[in-house]
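J.:
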Amino acid sequence: MLLSPLLLAACATALQPPEVAPAVNANALAHWAHAEPLAASTGPDASALAHWWQQFDDPSLESLVRQALAANLDMKIAQANLRAAQAARAATESGFSPVVGTSGSATRNTTRQTGNNTYRLSLNASWEPDLAGTQRAALTASQADEQAAQADVAATQVSLSGELALAYLQWRNAQARESITRESLASLEQTRQLAQWKAQAGLASGLDVDQSRLAVEQTRASLIALTDEITSYEHTMALLLGLSPAQWKSQWQPPLSAGAGRVPQATAALQRLAIGLPADLLRRRPDLQAAEAQVRGAWARTEQTRRAGFPGLSLTGSLGLQALTVGGLSSAGAGLATLAAAVDWTLFDAGARQAQVAQQQALLDASRSSYDAAVLSAVKDVEDSLATLQSGRARADALQQAADAAGATLAGTQAQHQAGLTDFATLLEAQRNELSARLALQSGATDVSLQLVRLYKALGGGWQATDTPRAAASS
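Using UniProt numbering, you'd call the opening residue of the sequence shown number 1 and step up by one each time.
#1: Let me know if Ala-87 comes out buried or exposed under the rule of 16 or more other beta-carbons within 10 Å of its beta-carbon.
#2: Determine the closest residue to Glu-183 out of Tyr-456, Gln-464, Ser-436, Leu-164, with distance taken between C-alpha atoms.
#3: Using 8 Å as the cut-off, can you tell me whether the stretch 191 to 204 makes contact with the stretch 240 to 247, which would need three or more C-beta pairs spanning the two stretches below that distance?
#4: Across which residues does DSSP place Trp-127 in a beta bridge pair?
#5: Where do the ends of the beta strand (DSSP E) carrying Arg-108 lie?
#6: What is the DSSP secondary structure of Ser-331, reduced to helix, strand or coil?
#7: Can you find the residues in the same chain that come closer than 7 Å, C-beta to C-beta, to Ala-293, ignoring five residues on each side of it along the sequence?
#8: Cβ atoms of Leu-239 and Val-453: under 9 Å apart, would you say?
#9: Note down, in chain order, each residue of its chain lying with its Cβ closer than 6 Å to the Cβ of Ala-471, except the 5 sequence neighbours on either side.
#10: What residue does the alpha helix (DSSP H) around Asn-173 start on, and which one ends it?
#11: Is Arg-438 helix, strand or coil when you go by DSSP?
#12: Could you check whether the stretch 294 to 307 touches the stretch 359 to 369, counting it as contact only if at least three pairs of C-beta atoms, one from each stretch, sit closer than 8 Å?
#13: If you draw a straight line from the C-alpha of Gln-304 to the C-alpha of Leu-450, how long is it?
#14: Measure from the alpha carbon of Ala-458 to the alpha carbon of each residue in Ala-308, Ala-378, Met-237, then state which is nearest.
#15: Look up Ser-232 in the DSSP assignment and say whether it is helix, strand or coil.
#16: By the three-class DSSP mapping on this structure, what secondary structure does Asp-58 have?
#17: Start and end of the alpha helix (DSSP H) containing Trp-52?
#18: Distance check for Ser-63 and Ala-137, CA to CA, integer angstroms please.
#19: Is Gly-312 closer than 9 Å to Leu-131 when the C-beta atoms are compared?
#20: Is the CB-CB distance between Arg-301 and Ala-91 below 9 Å?
#21: Between the C-alpha atoms of Ser-60 and Leu-256, what's the straight-line distance to the nearest angstrom?
#22: By how many angstroms is the C-alpha of Arg-120 removed from the C-alpha of Arg-108?
#23: Taking the straight line between their C-alpha atoms, what separation do you get for Gln-157 and Ala-398?
#24: Have a look at Ser-105, Ala-332, Ala-337 and flag the residue whose alpha-carbon is nearest the alpha-carbon of Leu-319.
#25: Can you check whether the CB of Gln-196 is closer than 9 Å to the CB of Val-216?
#26: Under the rule that 16 or more other beta-carbon atoms within 10 Å means buried, what is Pro-98, buried or exposed?
#27: Flag this pair as yes or no: are the beta carbons of Val-375 and Leu-439 separated by less than 9 Å?
#28: Decide if the stretch 47 to 57 is in contact with the stretch 223 to 240; the criterion is three or more beta carbon pairs, one per stretch, under 8 Å apart.
#29: Could you give the uninterrupted runs of the beta strand (DSSP E) lying entirely in the stretch 439 to 466, keeping only those of 3 residues or more?
#30: Just tell me which of Thr-325, Ala-387, Arg-306, Leu-347 has its CA closest to the CA of Val-357.
#31: Report the option in Phe-424, Ser-314, Ala-362 whose CA atom is closest to the CA atom of Ser-126.
#32: Less than 8 Å between C-beta atoms, sequence neighbours within five positions excluded: which residues of the same chain meet that for Ser-205?
#33: Among Gln-67, Ala-154, Thr-111, which residue has its Cα nearest to the Cα of Thr-466?
#34: Using only CA atoms, which one of Ala-201, Thr-231, Ser-122, Leu-207 lies nearest to Ala-174?
#35: So what does DSSP say about Ala-350, is it helix, strand or coil?
#36: Going straight from the alpha carbon of Gln-322 to that of Ala-332, what length do you get?
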């Protein structure tokens, strides 16, 4: 009793967690990303960034993303992990409250001469006040785990929407290239037929026929490769949707077939989102939020381990009834009450506590380094995406010029061939060049959209707070 006030004065220090991880500094990131942070009014709309795929104005893509967010197995795993973290936090919170229970017993004691019964009913309670702040540190750690799990759900959404959009755009691009190749194949077959007629009439050689047949069969072989590519992207999308390939073919392939050969292009609204992006948008990346939460959790566990060596106090008590007969439990003298207090303080453990604190401190240092590495990696992702987007646009412009030139060359060569001014080899070369230029232009235009998707994935686009389950408020 004399020591209790001293213990309370020594141990009742409130737990004041510091800023365990530095907030992402917008100015520092702007220096790294070579872009000045802009005012919030000039940045992209939060809702548009959260649902950037809607800017493609493709109902099929929107429907696929909704299905994936609802049925993807990785999403279900992340959501289950979040529920587990929420339950763990709730269990830790319950440690601040007293534990109340009831008990009853019936005992018979027998000797050689006599025997007697004892009946007892009681209401028991126990409580461990958080004098050292150990429980508060444990709660802080569990709250950080919950925040990290919630960020993991958002990170899964970001990855899922990005990967599905990439697969869908590449799938549509493969379909478009297949359509272009079939058109070219039909033209080459006409050229081969013309070569055969001229050879039969003695106006062309067998070499012309062989060359035209070579071009036809090479183009036909490329169609087979494109079919395999299309199937591969379909299987990828089926996996992201949580479906088997057979389920994909029955549920999605028929309604999507109507849009075969049409690749959704980045709209002006979508491309404007990539103009003047403030560098502090990286703060919305859920993987950075998860890394920051992990630092807070590691700090709290270090505090929990350190404070576990402080004195601890436990209070127990019970109110009950005890009598020699069941009827006697209702008598006035059957009441029974107990109250006990205990102090627990380890005075010597041969350095075990200090070693445990050192271990937790090392884990805290590792989590801080992991956070710094995640920030640098995020900056690199955005820088890479911006650079490839810029070069992709320039490449698409050049490919457009090349395709125009190839088309004009083919038209001129066909006219000269009909006039007898050029041979079959030149015509076939012009047809192959025109096909190659059209395919390259199609892929180049798609690459711009793909790089935009990668940019918004790097920026953490694809989620917002209302899209993820909210944790229950902590007391």
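Think of the CB as a built atom: it goes at the ideal place given N, C-alpha and C, for glycine as much as any other residue.
T.: For this structure:
#1: Its Cβ having fewer than 16 others within 10 Å, Ala-87 is exposed.
#2: The option with the nearest alpha carbon to Glu-183 is Ser-436.
#3: At 8 Å Cβ cutoff, the stretches do not touch.
#4: Per DSSP, Leu-315.
#5: Arg-108 -> beta strand (DSSP E) spans 99 to 110.
#6: DSSP places Ser-331 in coil when its eight states are reduced to three.
#7: Excluding positions up to five away in sequence, the list reads Ala-144, Gln-147, Ala-148, Ala-151.
#8: Taking C-beta atoms as the reference points, Val-453 and Leu-239 fail to come closer than 9 Å.
#9: Residue confidence for Ala-471 is low, a pLDDT of 45 falling below 50, so the modelled location carries little weight; the figure read from the coordinates is stated next. Annotation for Ala-471: Gln-86, Glu-146 place their beta carbon closer than 6 Å to its own, counting only its chain and skipping 5 residues before and after.
#10: Judged by DSSP secondary structure, Asn-173 falls within the alpha helix (DSSP H) whose first and last residues are 134 to 200.
#11: Helix at Arg-438.
#12: Verdict: yes, contact present.
#13: C-alpha separation (whole angstroms): 47 Å.
#14: Answer by Cα proximity: Ala-378.
#15: If DSSP states are grouped into helix, strand and coil, Ser-232 belongs with the helices.
#16: The answer is coil: DSSP assigns Asp-58 none of H, G, I, E or B.
#17: Under the DSSP assignment, Trp-52 falls outside any alpha helix (DSSP H); it carries neither an H nor an E label.
#18: When only Cα atoms are considered, Ala-137 and Ser-63 end up about 44 Å apart.
#19: In this structure, Gly-312 lies closer than 9 Å to Leu-131 by Cβ.
#20: Contact: no.
#21: Rounded to the nearest angstrom, the two C-alpha atoms are 7 Å apart.
#22: Distance from the CA atom of Arg-108 to the CA atom of Arg-120, rounded to whole angstroms, is 12 Å.
#23: One C-alpha to the other measures close to 35 Å.
#24: Checking every option, the nearest Cα to that of Leu-319 belongs to Ala-337.
#25: Against a cut-off of 9 Å, the Cβ pair of Gln-196 and Val-216 comes out as no contact.
#26: By the neighbour-count rule (16 or more Cβ atoms within 10 Å), Pro-98 is not buried but exposed.
#27: Going by C-beta atoms, Val-375 is not nearer than 9 Å to Leu-439.
#28: Result no; under three Cβ-Cβ pairs closer than 8 Å.
#29: DSSP runs (the beta strand (DSSP E)) wholly in the stretch 439 to 466: none.
#30: Of the residues Thr-325, Ala-387, Arg-306, Leu-347, the one whose Cα lies closest to the Cα of Val-357 is Arg-306.
#31: If we check each option's Cα against that of Ser-126, Ser-314 comes out closest.
#32: Around Ser-205, the same chain offers Ala-199 as residues with beta carbons nearer than 8 Å, after the five sequence neighbours per side are excluded.
#33: Answer by Cα proximity: Ala-154.
#34: Out of Ala-201, Thr-231, Ser-122, Leu-207, Thr-231 has the C-alpha closest to the C-alpha of Ala-174.
#35: It is coil, neither helix nor strand.
#36: Spanning the two alpha carbons is a distance of roughly 11 Å.
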